[in-house]
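Here the structure comes first, spelled out in structure tokens, and everything after it is commentary.
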Amino acid sequence: MSVASSGERVDAQSLAASLAPALISACDGRLRDLSWFRADWQRGGAATAHAVFDHEKHGPCPVVVKIPVGDAELRWTQRLQTDDGDPVVPRLYASGDTLAGLDFGWIVIERLPHGPLGAHWDDSVIPRIARAAARFHAATRAYAIDRCPAREDWHGLLEAVRKILQDNPLPDQQRWIAAIKAVQSRATWLVNTWNERFIDGWIHGDLHPANAMCRGTEPEAPVTLIDLAEVRPGHWIEDAVYLERLHWARPERLKAAKPLKELAAARRELNLPVDDGYQRLAAVRRILLASTAPRFMRTEGHPAHLAACLQRIESGLSELKAAGL
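Sequential numbering of the sequence shown, starting at 0, is according to numbering that gives the first Met the number 0.
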């Protein structure tokens with residue numbers, strides 16, 4: 000996740016502030032009290048504001064304004080609204096794909112009062128996020144897959160890691176070298192297995208506790224998923240393994256609840272398909288992701304994470320061998 004420079008932040012906020020009159024007009028004068036801010040974790044050149052939206056039925060509503068937003072976030076925020084007013088994504092009050100003659104998207108969404116879940120960890124976090132992910136998968140099934148998923152160059156990434164290990168010592172260097180050699184010897188099967196997976200729907204693509212908010216304070220309050228910029232076609236295990244991978248270096252968080260098992264159970268509760276081979280596919284995904292971590296040292300180079308990745312490679316290969324694969 001890239002962090003914008005201070006200059007980019009100023010430019011984004013200045014642009015957004017200059018467009019405030021057009022934004023208010025686009026909302027029929029119901030948007031007021033805009034307060035622009037920029038969090039360090041935000042990507043690119045977007046700006047965000049807290050504001051109030053005067054809803055015709057519900058009166059003044061605290062909202063978040065995001066400008067600009069990408070096509071995916073705009074499209075899916077619009078698509079996943081529900082008649083009961085309880086969508087798995089934030090409620091949408093206003094949106095558009097142009098503003099003041101400029102070609103970019105913007106949204107005015109509810110300001111969720113509770114969360115993110117990652118701020119206060121407990122054993123319910125993973126099951127609650129898994130249930131939200133299953134709701135997301137169910138809600139997106141109404142929309143046909145309109146493109147093929149992007150394919151990573153796994154062979155190229157593995158070769159890059161092999162060269163990195165030659166030139167840059169890592170803790171457990173020899174184990175890493177042996178592990179990558181073993182993965183490369185199985186790479187054709189691993190990559191083919193992954194690339195031939197059944198694309199069974201749309202995935203969130205960025206499923207983690209920081210993107211999990213709540214409308215209510217009760218312990219089991221349903222989770223609302225934010226940040227829809229990475230929504231894409233895929234297999235549901237991708238969301239589960241992504242969530243799991245974030246906690247590989249914190250194994251105590253995976254003892255009470257495992258994302259793959261929880262998401263499979265949540266999907267079954269909603270009568271969503273759970274194919275028989277999902278555990279094998281997840282093992283392949285783990286091996287590929289763990290093996291390529293040294294290629295992305297800036298974001299994945301923490302020693303604890305690298306150590307966890309190495310362990311995942313070794314255990315994953317052993318798991319496949321034990322299964323006769």
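C-beta atoms are modelled at their ideal positions from N, C-alpha and C, and glycine is treated no differently.
None of the values given here were measured: they were computed from a predicted structure.
| said: Relative to the C-alpha of V283, which candidate in E299, G100 and Y241 has its C-alpha closest? | reply: Y241
| request: Run through the region 225-291 for me and flag every whole alpha helix (DSSP H) of 4 or more residues, listed as ranges in chain order. | output: 236-244, 258-268 and 277-290
| request: In the DSSP assignment, find the unbroken beta strand (DSSP E) run with H54 in it and report its ends. | output: A46 to H54
| message | Just to confirm the assignment, what range does the alpha helix (DSSP H) spanning P302 have? | response | P302 to A321
| Do you know offhand how far M0's Cα is from Q165's? | Only weak support is given to the placement of M0: the predicted model assigns it a pLDDT of 35, under 50, and the value that follows is read from those uncertain coordinates. So the two alpha carbons sit approximately 27 Å from each other.
| How big is the Cα-Cα spacing for T97 and S184? | 50 Å
| So the alpha helix (DSSP H) V88 belongs to, where does it begin and stop? | Careful: V88 lies outside any alpha helix (DSSP H) and carries neither H nor E.
| field | Where the beta strand (DSSP E) through W105 begins and ends | value | G104 to E109
| query | Who are the Cβ neighbours of G200 in its own chain at under 7 Å, not counting the five residues just before and after it? | reply | H136, T139, R140 and W235
| field | Sequence-distant residues of its chain with Cβ nearer than 8 Å to H304 (five each side left out) | value | W247, A248 and A292
| task | Would you list, in sequence order, the uninterrupted beta strand (DSSP E) runs of no fewer than 3 residues that lie entirely inside the region 95-182? | result | 104-109
| field | Extent of the continuous alpha helix (DSSP H) to which L18 belongs | value | Premise fails: L18 is in no alpha helix (DSSP H) and is neither H nor E.
| Is the CB-CB distance between L350 and W175 below 8 Å? | Residue 350 is absent from the structure shown; the chain starts at 0 and stops at 324.
| said: For M212, list the residues DSSP reports as bridge partners. | reply: T223
| message | By the DSSP assignment, the beta strand (DSSP E) with D32 in it spans what residues? | response | L30 to F36
| message | If you reduce the DSSP assignment to three classes, tell me which class P59 lands in. | response | strand
| query | Start and end of the beta strand (DSSP E) containing I202? | reply | G200 to I202
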